[in-house]
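Remarks on the structure that follows.
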Amino acid sequence: MQSFRIITPQIGEPFSIGRKPDNSLVLDNPMVSRYHAVIENADGQWILKNLSQNSVTQVNGSDTAERPLEDGDVILIGPLQLRATLKGGRLQLLLMESAEHDLVQTKLLHEKWESLDDLHMDIPEGVSARTQAGSAEIRFNEKLVNMHGKATKLLQLKEGQTVRLPSCTFHYSMQQLTCKNLPLGFDVEVSNLDVFAGKKQILSGINFKLPAGEILAIIGRSGQGKSTLLRLLQGKLKKGENSSVRIGGLDYRNEEIRKHIAFLEQDLELRRDLTVKETLMDGGRTGMSVEDFKKNATGRLEKFGELFGLSERMQNPVKTLSGGECRRAALAHELMGNPGLIVLDEPLSGLDPYNSKILCTHLKQLAFLGHTVILTTHSYEALEIANKVLVLHQGEQAFYGSPEEAYRFFESDDPEKILANLNDETATQWKTLFNSRAIPTAHSSEAVNGTNHATEDTAPCYFPKVKHPPVLFYKMGLTAKQWFRDKGKFLTLLLQPLVIGFLFSQIFSELSSLWIVAFALILCANWLALSLSIREIVQEKEILQAEFRKGIAILPTLIAKATIPTLVAFLQTIVVYAFIHFRISAHVSISSLLLSIAVMVIPPVAVGLTVSTFAKNQGQANAMLPLLIIPQVALAGALVPLDQMLPLGRTLSYVIWSRYNQTNLLNLFLERNDPIENVISALAIAVCFYIVVVIKLNYSKKAK
1 MQSFRIITPQ
11 IGEPFSIGRK
21 PDNSLVLDNP
31 MVSRYHAVIE
41 NADGQWILKN
51 LSQNSVTQVN
61 GSDTAERPLE
71 DGDVILIGPL
81 QLRATLKGGR
91 LQLLLMESAE
101 HDLVQTKLLH
111 EKWESLDDLH
121 MDIPEGVSAR
131 TQAGSAEIRF
141 NEKLVNMHGK
151 ATKLLQLKEG
161 QTVRLPSCTF
171 HYSMQQLTCK
181 NLPLGFDVEV
191 SNLDVFAGKK
201 QILSGINFKL
211 PAGEILAIIG
221 RSGQGKSTLL
231 RLLQGKLKKG
241 ENSSVRIGGL
251 DYRNEEIRKH
261 IAFLEQDLEL
271 RRDLTVKETL
281 MDGGRTGMSV
291 EDFKKNATGR
301 LEKFGELFGL
311 SERMQNPVKT
321 LSGGECRRAA
331 LAHELMGNPG
341 LIVLDEPLSG
351 LDPYNSKILC
361 THLKQLAFLG
371 HTVILTTHSY
381 EALEIANKVL
391 VLHQGEQAFY
401 GSPEEAYRFF
411 ESDDPEKILA
421 NLNDETATQW
431 KTLFNSRAIP
441 TAHSSEAVNG
451 TNHATEDTAP
461 CYFPKVKHPP
471 VLFYKMGLTA
481 KQWFRDKGKF
491 LTLLLQPLVI
501 GFLFSQIFSE
511 LSSLWIVAFA
521 LILCANWLAL
531 SLSIREIVQE
541 KEILQAEFRK
551 GIAILPTLIA
561 KATIPTLVAF
571 LQTIVVYAFI
581 HFRISAHVSI
591 SSLLLSIAVM
601 VIPPVAVGLT
611 VSTFAKNQGQ
621 ANAMLPLLII
631 PQVALAGALV
641 PLDQMLPLGR
651 TLSYVIWSRY
661 NQTNLLNLFL
671 ERNDPIENVI
681 SALAIAVCFY
691 IVVVIKLNYS
701 KKAK
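Terminal number for the sequence shown in the working numbering: 704, no gaps in between.
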């Protein structure tokens, strides 16, 4: 996992950079001078002075002896890069702790296993290698999975063969194993892309190649297909048969590559009752392995809090944040898992100019750290930070290139006039130039190391198999926090059984039919269980799909989602029964009663979660409540005895759990033996619905 440092020079104190330990920033690299450079604040400006005669000191690629720093400047100290960010007159320096992305090291292999830790490369810890029968064997402590999901701890490389991991490549030749660091981000290559929604074609003939670690801004008027392209990358839409979309050299639908992609919607999906700290730690549990989480989660939390200006807001609930802070918190949440590609839909929408500038600064910082960023935007602020611009017009590509090329092509230095000058004629003109290669889609940054680059692109890909921290009890605690921090919901949970119980106590007495009492209690349990569970999944469907895509187990998550509604409905039903217990003549065993109440609430919770899984929104889920309650009323056998129903009604009653609840509870009230089949049948119905939910959730996480 890539690591970085944030350094904040103090106003009034010289900030020295060099190799000697008495510098303010010590860079332990032989290409850095002992006293390499100094940054001082003078007259409100931060001035960089070069102190080295022989080593490299550059700002934005140009040699410098002395110059004022501006927001976004990239400072090169020897081979190491720092990015300067100016906020309110204060300077912040961002340093990659493993900044030498093109570092290549070679190790001579022998027949005995030897550790590769001494290479100090971006490879997993504890890797060892040896040569055996003319091939190299590389052994890992943790399992790797290939692009087809097959796991292994041992890679074998024949003479001249290369394999690729997310962070590096291994190449074996003449008993030497060569390891080369790769950029953190993924390159994205789109060829002849057609996108369909059903039978309707929305995008046609899109072509571009975005190098790793760069920012692509997709612009165009409303309704031209910007969000459609992002939905395609999310796997929500289908591409044409002859289209190709490759991320990091793999098809974008590959399950392993999708685990390393972060999607942020325009309408942010966050658990709003959690604090900022809990939100970021939740992102860590989703994206980090259990060992990585234990070792590094707290450190990454502090760094991202500082990077995104959230350090002072860590204990604040997300729902109290401003729009800009919410977007930064969402970005930090995703970055805890170190994604190679970050995709954002209209991230600047609704933000004022100040917050837009701050967010753009952070996106540029992420690109500096190596992340590849794709965003759609109506804001021209994004053009100032983008490396590439894709213009869409009438569902087709009307321009692709750098912002500078866009200004030249549209004959304007004003970003706002790019879309103003866009029309059918300019779109056709650009496509003609594109087809004749007058405006290339590839730039010099893509041609890395010639033949080696082609070898890396075609090499077999392996990904570390991520074992996430345990989910079940964590998710139960997370759900409980959300429920009980919502004061309105918590108050409702308390009042519901009290009000219903009081009303029942006023209408039932020793003269009441136990048949009717049982029926009323069962309907109450059904209503409580269904109302508690029917929105539980749909209200955070996008969040859950993202978690499942990243490898979070579905079954423990579902059990956790079911546990809290089941437990709360169980307790509420007990409270209701306590009000009527002294009003009726039934004398029941406490253990038998508790079992009967549990069997009352488990099936409706399962059905509520099923509806919540299939519903498109919370309103649609709520609308299903009457359709679920009415069959319980009609077919339970309380209003009309089962033997008096028509054949179809009796047949339908077999799949209605209230039928079995009614018989079970009535037998309990009348102190009769109850066949165990009543309990088993009701629970079996619940299990069937849970199986359907698991199948649906597993299907929904896959790309179309």
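For glycine and all other residues, C-beta sits at the position ideal for the given N, C-alpha and C.
(message) Measuring straight from C-alpha to C-alpha, what distance separates A332 and L544?
(response) 17 Å
(message) For F263, count the other beta carbons within 10 Å of its own beta carbon; 16 or more makes it buried, fewer makes it exposed. Which is it?
(response) buried
(request) Please state if the CB of A37 and the CB of L27 are separated by a distance shorter than 8 Å. (result) no
(request) Could you have a look at S243 and say whether DSSP puts it in helix, strand or coil? (result) coil
(request) Look up T441 in the DSSP assignment and say whether it is helix, strand or coil. (result) No answer about T441 holds up, because its pLDDT of 41 lies below 50 and its placement is not dependable.
(request) Check the Cβ-Cβ distances between S658 and every residue of chain C, and say whether any is below 8 Å. (result) Of the protein chains in this structure there is only one, and it is not chain C.
(message) For G488 and L270, what's the separation of their Cα atoms in angstroms?
(response) 19 Å
(message) Our contact map puts E137 next to A129 with C-beta atoms below 8 Å; I'd like the distance itself, whole angstroms only.
(response) 6 Å
(message) Tell me which residues share the same chain as L707 and place their Cβ nearer than 6 Å to its Cβ, disregarding the 5 neighbours each side in the sequence.
(response) Lying outside 1 to 704, the shown extent of the chain, residue 707 is not represented and no answer is given.
(message) Tell me the rounded alpha-carbon separation between S707 and T178.
(response) Only positions 1 to 704 of the chain appear in this structure, which leaves residue 707 out of reach.
(message) I need the DSSP call for H468, collapsed to helix, strand or coil.
(response) coil
(message) Do P339 and L274 have their beta-carbon atoms positioned less than 8 Å apart in this structure?
(response) no
(request) Please say whether C461 and R246 have beta carbons closer to each other than 8 Å? (result) no
(request) Can you say whether N678 is buried or exposed, counting buried as having 16 or more other CB atoms within 10 angstroms of its CB? (result) buried
(request) Along the beta strand (DSSP E) that carries V163, what are the first and last residues, could you check? (result) T162 to R164
(message) Can you find the residues in the same chain that come closer than 6 Å, C-beta to C-beta, to A525, ignoring five residues on each side of it along the sequence?
(response) T573, M600 and V601
(message) If I measure Cβ to Cβ from R650 and keep anything under 7 Å in the same chain, skipping five residues before and after, which residues do I get?
(response) L642
(message) Going by beta-carbon coordinates alone, are A406 and V389 separated by less than 8 Å?
(response) yes
(message) Among A151, S3 and G350, whose alpha-carbon lies nearest the alpha-carbon of Q266?
(response) G350
(request) Under 8 Å by Cβ, that's how I've got R109 and T131 pegged, so tell me the actual separation to the nearest angstrom. (result) Reading off the sequence shown, one finds Leu at residue 109, where the question assumed Arg. Sure, about 4 Å apart at Cβ, within 8 Å.
(message) Applying the 10 Å Cβ sphere with the 16-neighbour rule, what's the burial state of G18?
(response) buried
(message) A569 and Y690 - do their beta-carbons sit closer together than 8 Å?
(response) no
(request) Compare the Cα-Cα distances from D720 to each of N207, P183 and K616 and report the closest residue. (result) The shown model of the chain, from 1 to 704, leaves out residue 720, and the question about it has no answer.
(request) Please state whether DSSP places M96 in a helix, a strand or coil. (result) strand
(request) Compare the C-alpha of V521 against each of P470, P626 and N661 and name the closest. (result) The question names Val, yet the displayed sequence has Leu at residue 521. Residue N661 is the option with its Cα nearest to L521.
(request) Using the Cα positions of G12 and A42, report the straight-line distance between them to the nearest angstrom. (result) 8 Å
(request) Give me the Cα-Cα distance between L530 and E671, rounded to the nearest whole angstrom. (result) 29 Å
(message) Given a cut-off of 8 Å on the beta-carbon distance, is the pair I75 and V56 in contact?
(response) no
(message) So, at 7 Å on beta carbons, what are the nonlocal neighbours of K701 in its own chain, with the 5 sequence-adjacent residues on each side left out?
(response) Q545, F548 and R549
(request) In angstroms with no decimal places, state the Cα-to-Cα distance between S444 and A212. (result) Only weak support exists for where S444 lies, its pLDDT of 36 falling under 50; the value from the coordinates is given anyway. About 13 Å.
(request) Just mark D187 as buried or exposed, buried being the case when its beta carbon has 16 or more other beta carbons within 10 Å. (result) buried
(message) Just to confirm my understanding: we take N452, look at its own chain, exclude 5 residues before and 5 after, and list those with CB closer than 7 Å. What are they?
(response) Confidence at N452 is low in this model, with a pLDDT of 39, below 50, so the placement of that residue should be treated as unreliable; the coordinate-derived value is given next. Nothing listed; no residue qualifies.
(request) Compare the C-alpha of M31 against each of A623, G78 and D22 and name the closest. (result) G78
(request) Helix, strand or coil for S612, going by three-state DSSP, please let me know. (result) helix
(message) Distance check for L375 and G225, CA to CA, integer angstroms please.
(response) 13 Å
(message) Distance check for Q53 and R34, CA to CA, integer angstroms please.
(response) 11 Å
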